[in-house]
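In this text, residue positions in the sequence shown follow UniProt numbering: the first is 1, and each later residue adds one.
No residue lacks a Cβ here, since even glycine has one placed at the ideal position from N, Cα and C.
Report on the following structure.
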Amino acid sequence: MSLPSPSKPAPPPPWLWNGDEPRVATVFQPIVDLLSGEVLGHEVLSRGLGPVESPNELFNRARVEGFTYELERACWTAAVRRIATLPEAQRRGPFFFNVSPDVLSDERFGGASTLELLRQHGLSPQQLVLEITERSTFEDTEQLRMLARRYSEQGFGIALDDFGAGHSGLVTLVHSAPDFIKLDQALVRDIHLHTYRQHLVKSLVAFAQRVDAVLIAEGVETWNELAVLLRLGIRHAQGYLLARPVSSPQRPGADFAERCREAIRALHHREHEDDETVGSMIIRPPCAPVTAQAVELDRLFRRTPGEDHVVLLDGEQPHAVVTRRSFYARFGGTAASTESALPDEPREAPMVVEDATAITALARMAMRRPPESVYDPVVVTDAKGHFLGTVTMKQLIARASDLEQHAATGAHPLTDLPGSRMIERWIRAALQGSAFTVIYADLDHFEAYNDRYGFLQGDRVIRYTASVLSECLHLLPEGSNLGHVGGDDFVLVCPDAVAPEVLRTLCQRFDAEKVPLYGPEDLRRGGFTAKDAAGNTVPVTLSLAAVDHQGLSANPHPAELSAVAAALRKRVKAVSAQTHTSTFLFQPGAVK
Numbered sequence: 001m002s003l004p005s006p007s008k009p010a011p012p013p014p015w016l017w018n019g020d021e022p023r024v025a026t027v028f029q030p031i032v033d034l035l036s037g038e039v040l041g042h043e044v045l046s047r048g049l050g051p052v053e054s055p056n057e058l059f060n061r062a063r064v065e066g067f068t069y070e071l072e073r074a075c076w077t078a079a080v081r082r083i084a085t086l087p088e089a090q091r092r093g094p095f096f097f098n099v100s101p102d103v104l105s106d107e108r109f110g111g112a113s114t115l116e117l118l119r120q121h122g123l124s125p126q127q128l129v130l131e132i133t134e135r136s137t138f139e140d141t142e143q144l145r146m147l148a149r150r151y152s153e154q155g156f157g158i159a160l161d162d163f164g165a166g167h168s169g170l171v172t173l174v175h176s177a178p179d180f181i182k183l184d185q186a187l188v189r190d191i192h193l194h195t196y197r198q199h200l201v202k203s204l205v206a207f208a209q210r211v212d213a214v215l216i217a218e219g220v221e222t223w224n225e226l227a228v229l230l231r232l233g234i235r236h237a238q239g240y241l242l243a244r245p246v247s248s249p250q251r252p253g254a255d256f257a258e259r260c261r262e263a264i265r266a267l268h269h270r271e272h273e274d275d276e277t278v279g280s281m282i283i284r285p286p287c288a289p290v291t292a293q294a295v296e297l298d299r300l301f302r303r304t305p306g307e308d309h310v311v312l313l314d315g316e317q318p319h320a321v322v323t324r325r326s327f328y329a330r331f332g333g334t335a336a337s338t339e340s341a342l343p344d345e346p347r348e349a350p351m352v353v354e355d356a357t358a359i360t361a362l363a364r365m366a367m368r369r370p371p372e373s374v375y376d377p378v379v380v381t382d383a384k385g386h387f388l389g390t391v392t393m394k395q396l397i398a399r400a401s402d403l404e405q406h407a408a409t410g411a412h413p414l415t416d417l418p419g420s421r422m423i424e425r426w427i428r429a430a431l432q433g434s435a436f437t438v439i440y441a442d443l444d445h446f447e448a449y450n451d452r453y454g455f456l457q458g459d460r461v462i463r464y465t466a467s468v469l470s471e472c473l474h475l476l477p478e479g480s481n482l483g484h485v486g487g488d489d490f491v492l493v494c495p496d497a498v499a500p501e502v503l504r505t506l507c508q509r510f511d512a513e514k515v516p517l518y519g520p521e522d523l524r525r526g527g528f529t530a531k532d533a534a535g536n537t538v539p540v541t542l543s544l545a546a547v548d549h550q551g552l553s554a555n556p557h558p559a560e561l562s563a564v565a566a567a568l569r570k571r572v573k574a575v576s577a578q579t580h581t582s583t584f585l586f587q588p589g590a591v592k
């Protein structure tokens, strides 16, 4: 969307409004959770009625004639009226609305009129997400921050649209702190052919996870694009491959859902946070048929100067890897050769492994190759031998080093917190002191949550819990440490007594800030429907079992501490189950 011109004070033209009836039609395109198959929400799009139907022509004409605000008001009005007529199940949303910066900062939009329009039609801001497009920019970043905060406080979700399409995306990202980041279709288009884009998207996936934003790939049109996006960690997508915009909210058809499930099964996704196989690192490089001529590879290398190698395929099977260095060493930089790109006598077949191969094991195997090929890329296939992508030795060595460092320190790969070995050392040291407190923290209904939302969202809950506990460390005695045993179990080891008020604050903070963990429907109900015989609605809560020096023997053994903690954890989880709130208890015998 182009930067709109200021609107004229004149009445809106008849091609835009007919009295109080907007001359635009509303259509909906679903945003889909690829792993669960559920619809995250729908983007609301507009089409003209009458002489101008194309949305691009519609907005261009409004911009030229100075009626941008009137057009967006028409789009909003038509959409809200249409949503109000939908059945209850379809009306829940959320619905994603594009809003240009000029309109977002217009007091007519930010005042009471928009909220009144929603109220009149039985809608609330919680059902809507405002998409701030990156193609148009805010000159005043402080204004952007203020507006994002204002609309968030009113209940609207915030999304950054067209990310990667403009020159100020990072600035807008930092100052708007969006709940959703939508990758521009220019990044998505033919991503399976561009390794540089794949590296960028992979880094954005990691960033979005760290800041608890939902990353959405827009404009997905082919299965090749979707397969690569899935492998890079993209979970939410929108585009013609999934569903075209239609007049009523729809979900993708059964054919798409089944083929998507097949694509996911082919990725060997694991449901454990310590999944450290080479499949998580794959980047798909440019490919060519095994019959390709040298002139074709020369053209490909020149067109993509950042690409280091090309994989020659025989159908879906990898046959050879041609590196840029070896190719031009062989052909001397000439582009006219019609010889086969495949050497007559390849020096050695490429190293091929399955995507379930452990990274550290692969690094050792790859380094045992002959000197002339030790730094060649490693080819990765699925269990059937179908080509998936490659991993460079630079990537492999760097990741293997990280994993070895994690193993040496006992750090947990999902949260980067120290693991069991370090926790044991802290506890033994604490037991030597005259006063101490060991707090065992774990989540209630976490397995049911995983069943409801999937393991990737479950990982997000684990990271959220680690974040809350880490940010509350300053409330505990100086020298306190936080460790992650695994799964949803954490341990805080404190070298002194801990006041109950501190644990109460921690529980309250966990309950107050966990809103992003639920979908819109479960959020309204205050929890999710657990898959048990009763089908009860339950929330994810935090249980804290605090064991300190009071009530234990004079020189307690770690086994005594564990026994007391096990009994206390059972009691505190029972209390949490009754109250549906995060709860803490100190062990019997402690004076609190």
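- Counting only runs of 4+ residues, the alpha helix (DSSP H) found wholly inside the segment 164–230 occupies 169–176, 185–188 and 195–210, in chain order.
- The bridge partners DSSP lists for Glu-43 are Gln-29 and Phe-96.
- Taking C-beta atoms under 8 Å as the contact rule, Val-378 and Thr-390 qualify, at a distance of about 6 Å.
- DSSP places Cys-287 outside any alpha helix (DSSP H); the residue lies instead in the beta strand (DSSP E), whose first and last residues are 287–289.
- Within a 10 Å sphere around the beta-carbon of Asp-184 sit 16 or more other beta-carbons, which makes this residue buried.
- For the beta strand (DSSP E) assignment, the uninterrupted runs of no fewer than 3 residues enclosed by the UniProt domain "CBS" (344–409) are, from N- to C-terminal side, 352–354, 378–381 and 387–391.
- Assignment of Pro-418 by DSSP, reduced to helix, strand and coil, places it in the strand class.
- One alpha carbon belongs to Leu-517, the other to Val-461, and they sit about 7 Å apart.
- In this structure, Phe-584 places its C-beta atom within 7 Å of the C-beta atom of Leu-544.
- Secondary structure of Ala-320 (DSSP, three-state): strand.
- Asp-511: member of the alpha helix (DSSP H) spanning 500–512, first to last residue.
- In the three-state reduction of the DSSP assignment, Ala-411 falls in the strand class, which pools E and B.
- Contact between Ala-206 and Ala-288 does not hold, since the beta-carbon distance rounds to 30 Å and is not under 8 Å.
- If you draw a 10 Å sphere on the C-beta of Arg-399, you find 16 or more other C-beta atoms in it, and that means buried.
- Ala-213 is positioned such that its CB atom lies no closer than 7 Å to that of Lys-182.
- Going by DSSP, Gly-458 is part of the alpha helix (DSSP H) stretching over 455–471.
- Residues of the same chain with a CB within less than 7 Å of the CB of Arg-47, apart from the 5 flanking positions on each side, are Val-24, Ala-25, Val-27, Glu-53 and Pro-55 in chain order.
- Between Leu-242 and Pro-249 a beta carbon distance of about 13 Å is seen, past the 8 Å cut, so the two are scored as non-contacting.
- Phe-59: member of the alpha helix (DSSP H) spanning 55–65, first to last residue.
- Here Tyr-328 carries a helix assignment [DSSP, helix/strand/coil].
- In this structure, Ser-582 lies near Phe-510, with their beta-carbon atoms less than 7 Å apart.
- Sequence-distant partners of His-412 (beyond 5 residues in either direction) whose C-beta falls short of 6 Å from its own C-beta, in its chain, are Gly-419 and His-484.
- Counting every other CB atom within 10 Å of its CB across the protein chains shown gives Asn-481 a total of 16 or more, marking it as buried.
- In the DSSP assignment, Thr-437 falls outside any alpha helix (DSSP H) and lies within the beta strand (DSSP E) extending over 437–444.
- Taking 7 Å as the cut-off, the Cβ atoms of Ser-176 and Ala-208 do not count as close.
- For the set Leu-204, Arg-189, Val-211 and Arg-150, the Cα lying nearest the Cα of Asp-179 is the one of Val-211.
- Taking 7 Å as the cut-off, the Cβ atoms of Ala-74 and Leu-130 do not count as close.
- Nearest neighbour of Gly-164 by Cα position, chosen from Leu-312, Glu-471 and Leu-204, turns out to be Leu-204.
- The criterion of a C-beta distance shorter than 7 Å is satisfied by Ala-294 and Glu-339.
- Remark: three or more beta-carbon pairs, one from each stretch, lie closer than 8 Å, so the segment 493–512 and the segment 436–447 are flagged as touching.
- The closest CA to that of Val-44, considering only Asp-20, Arg-81, Glu-57 and Tyr-69, is found on Arg-81.
- For the options Met-422, Glu-513, His-319 and Ala-429, the alpha carbon positioned closest to that of Phe-490 is the one of Met-422.
- According to the DSSP assignment, Asp-548 belongs to the beta strand (DSSP E) that extends over 541–548.
- Beta-carbon to beta-carbon, Leu-469 and Cys-260 are separated by about 36 Å, too far to satisfy the 8 Å threshold.
- In the displayed model, Thr-581 falls within coil according to three-state DSSP, outside both helix and strand.
- Beta-bridge partners of His-484 (DSSP): Phe-490.
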